[in-house]
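Visitor:
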Amino acid sequence: MIDEQQVVKVGMADLNVISGHGLIRTTGLGSCVGLTLYDPVKKVAGLAHVMLPSSEIAREGALNLAKYADTALDKLLEEVLAIGACQKRLVAKMAGGAQMFSFAGASDSMRIGPRNVEACKEKLQELGISLIAEDTGGNHGRTIELDVETGTLFIRSVQKGVKEL
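340 is the number of the first residue of the sequence shown in the numbering used here; add one for each residue after it.
(1) When you compare only the Cα positions, how much space is there between L391 and A437?
(2) Extract the residue ranges of the beta strand (DSSP E) inside the segment 348 to 421, only unbroken runs of 3 or more that lie entirely within it.
(3) Consult DSSP for I451 and reduce its assignment to one of helix, strand or coil.
(4) May I ask you to report which of helix, strand or coil DSSP gives L485?
(5) Determine the contact status of M433 and V497, defining contact as a CB-CB distance below 9 Å.
(6) Just to confirm, is the Cβ distance from I468 to L416 under 9 Å?
(7) To which residues does DSSP link G435 through a beta bridge?
(8) Tell me which same chain residues have a C-beta within less than 8 Å of the C-beta of T482, skipping the five on either side of it?
(9) Can you have a look at T475 and say buried or exposed, based on whether 16 or more other CB atoms are within 10 angstroms of its CB?
(10) Report the three-state DSSP secondary structure of M340 (helix, strand or coil).
(11) How about A384 and G490: do their beta carbons lie closer than 9 Å?
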């Protein structure tokens, strides 16, 4: 990878899009899921850093659409389409959704990582977008970076090194 490339950064509970060339990156994925949408013909990509599975639990005043799987994917789709992507060509990749801590007798509400993964998959299915690769689960954090020219998703973690999807 060339150091001079444009890098679009996506924060926690955030999303962004990129087209043409460059990288789109998010860090600090533990139980959060980094989900990418990519149009290989138009070289358009989007990335959402999803924190929670459902906006039904939202307590904040103004809803942060990027924070929840059920609203972030709709917003991300809207934004990649706005910069030239075609929904029929879009493919998704995702990483994260770790179970960072173990709790004795943990209830379903403590399974945030696995629930985030499930919610993202359900939403992708609803939108008719194929999930072509994932690196989810486990108990380690991840940083992900998508190369918009190739569609390659680079996943870095201290425990596992670098993986390409």
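Beta carbons: idealized from backbone N, C-alpha and C, even for Gly.
Guide: According to the structure data:
(1) Here residue 391 refers to the residue found at position 52 when the sequence shown is read from its first residue. Here residue 437 refers to the residue found at position 98 when the sequence shown is read from its first residue. So the alpha carbons of these two residues sit roughly 12 Å apart.
(2) 354 to 358, 362 to 368, 372 to 378 and 383 to 389
(3) As a first step, residue 451 is located in the sequence shown; it is residue number 112 there, counting from the start. Residue state, collapsed to three classes: helix.
(4) If you number the sequence shown from 1, residue 485 lands on position 146. Note: L485 maps to strand in three-state DSSP.
(5) Along the sequence shown, read from residue 1 onward, the residue named residue 433 stands at position 94. Along the sequence shown, read from residue 1 onward, the residue named residue 497 stands at position 158. No, Cβ-Cβ distance for M433 and V497 is not below 9 Å.
(6) Working through the sequence shown from its first residue, we reach residue 468 at position 129. Working through the sequence shown from its first residue, we reach residue 416 at position 77. For I468 and L416, yes; Cβs fall inside 9 Å.
(7) Along the sequence shown, one-based indexing puts residue 435 at 96. Paired residue(s): V372 and T475.
(8) Counting from 1 along the sequence shown, the entry for residue 482 is found at position 143. If we look at T482 and ignore the five residues flanking it on each side, its Cβ neighbours are R364, T365, T366, G367, L368, I494, R495 and S496.
(9) Position 136 of the sequence shown holds residue 475. T475 should be labelled buried.
(10) Start at 1 with the first residue of the sequence shown, and residue 340 comes out as number 1. Low local confidence applies: a pLDDT of 45 at M340 is under 50, so the model's placement there is unreliable, with the coordinate-based value given in what follows. DSSP places M340 in coil when its eight states are reduced to three.
(11) Here residue 384 refers to the residue found at position 45 when the sequence shown is read from its first residue. Here residue 490 refers to the residue found at position 151 when the sequence shown is read from its first residue. Cβ atoms of A384 and G490: closer than 9 Å.
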